[in-house]
Every structure is written in structure tokens, then in C-alpha cells.
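K.L.:
Numbering (mature numbering (1 follows the signal peptide of the UniProt record, and there is no 0)), first residue to last: -24 to -1, 1 to 175.
Before anything else, here's the structure in question.
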């Protein structure tokens, strides 16, 4: 005969897991509706990278452009200029094309584009929405992503304001975003950069 206590614990566990999953879905839906949804998003960033082997963080800053169908332009302006172009299938740097896990390209575009619902395919998500601010913690499901990232922390309001990545090797990357705008069209320079990502 099944143990009544065990049956009760199983039922309670099922309820708690269902509740947490439902709550996470609700929070994600609330946050997603608040984020600006436009074809183009651009702004500035300041990045702080803490490496286990260094006492002081590496600080850099620059500008980014997200386009809904074209991908992301990530330009570091200081201390040394560099450019990163990425969509869901390709990653280009000043040194040429780099190998990129498919999931990583999708994550990068989804985060900067505010398409947070897409992240549920590759991450377990928890968080809260305390207007005007919100926060989400992402833990990768994808085995390849787990080798790169342990957690991603997202914070924002009607825009994404902060991304903090805990990397599998113990390094931490923290990116703050500011001066975010949503222009109606790309500049000639941005068009040329995205053209390089075309097959």
C-alpha cells in the first residue's frame, strides 16, 4: 500500500513546482510587456570585467546598436577600439569571423532586443517585478552554454539597464547601459556594418 505521507509530499512538491513555474511565467510576461519593443535600439555601455588572475577590473566603454532582423553592432571605443558584429548564426570581429554557439548568438540578440520569452528555451528563469524596476536571473539549460556561463542577471525598467554574467571560469562581466534611444532608421555607417554580416 502506498504511504499516505509520501503521497502527500509528492502532491505538495508538484503544487510548489507548478506554482513557481507559473509565477516565473507571470513575472516574465509582466516584464516583457514593459520593455520597449522597436525595430532599432541603440545606446552606450560601460563594461567592467573582473578576471580571477587580476586584482583590478578591466574597464571599457562604447556604443551598441540592435536591429530586430539584422543583429547587433557592439563597438568598444575606449580604451582600445574594437567592433563585434553578431546575429543568430555569425560573429565577426576585427580579426575576422569567429565560431559562435548557436544558442549564444540567440541569447545576445534576445537580451538586447528585449525578447525575453525566447530565453526560456535555453534558460531556467527566476525573478521579480517591483515597479519601476525588475530583475531576472537566468541559469542555462543548454550543456554548451553551461561551459561558458553559470548565471546571467538582468536588471531594468522600461529598458534593460544592467547585465551581469558569471562565467564558468569564475570571471564576472558587468555591463551598464545608458542613453538608450529607438531611432526610426539606421545610419549609413550602421547599414554598412550590418552588411558585413550578410551571407
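We put the beta carbon where it would ideally sit given N, CA and C, even for glycine.
Given the structure is predicted, the values throughout are model-derived calculations rather than measurements.
#1: Determine contact between the segment 161 to 172 and the segment 108 to 128, defined as no fewer than three beta-carbon pairs at a distance below 8 Å.
#2: Note down, in chain order, each residue of its chain lying with its Cβ closer than 6 Å to the Cβ of residue 34, except the 5 sequence neighbours on either side.
#3: For residue 46, does the count of other Cβ atoms within 10 angstroms reach 16, so buried, or fall short, so exposed?
#4: Can you find at least 3 beta carbon pairs, one from the segment 91 to 100 and one from the segment 57 to 66, that sit closer than 8 Å?
#5: When the Cα of residue 20 is compared with those of 54, 101, 148, which residue comes out closest?
#6: At the level of alpha carbons, what is the spacing between residue 68 and residue 74?
#7: Within 10 Å of its beta-carbon, does residue 18 have 16 or more other beta-carbons around it, so buried, or fewer, so exposed?
#8: Output the distance between the C-alpha atoms of residue 86 and residue 136, rounded to the nearest integer angstrom.
P.N.:
If we stick to the structure as given:
#1: Short answer: they don't touch.
#2: Result list for residue 34: 25, in chain order.
#3: Buried, because 16 or more other Cβ atoms sit within 10 Å of the Cβ of residue 46.
#4: Under the Cβ criterion (8 Å, minimum of three pairs), the segment 91 to 100 does not count as touching the segment 57 to 66.
#5: Ranked by Cα distance from residue 20, the options 54, 101, 148 are led by 54.
#6: In a straight line, the C-alpha of residue 68 is about 6 Å away from that of residue 74.
#7: It is buried - the Cβ of residue 18 has at least 16 other Cβ atoms within 10 Å.
#8: The straight-line gap from Cα to Cα measures roughly 11 Å.
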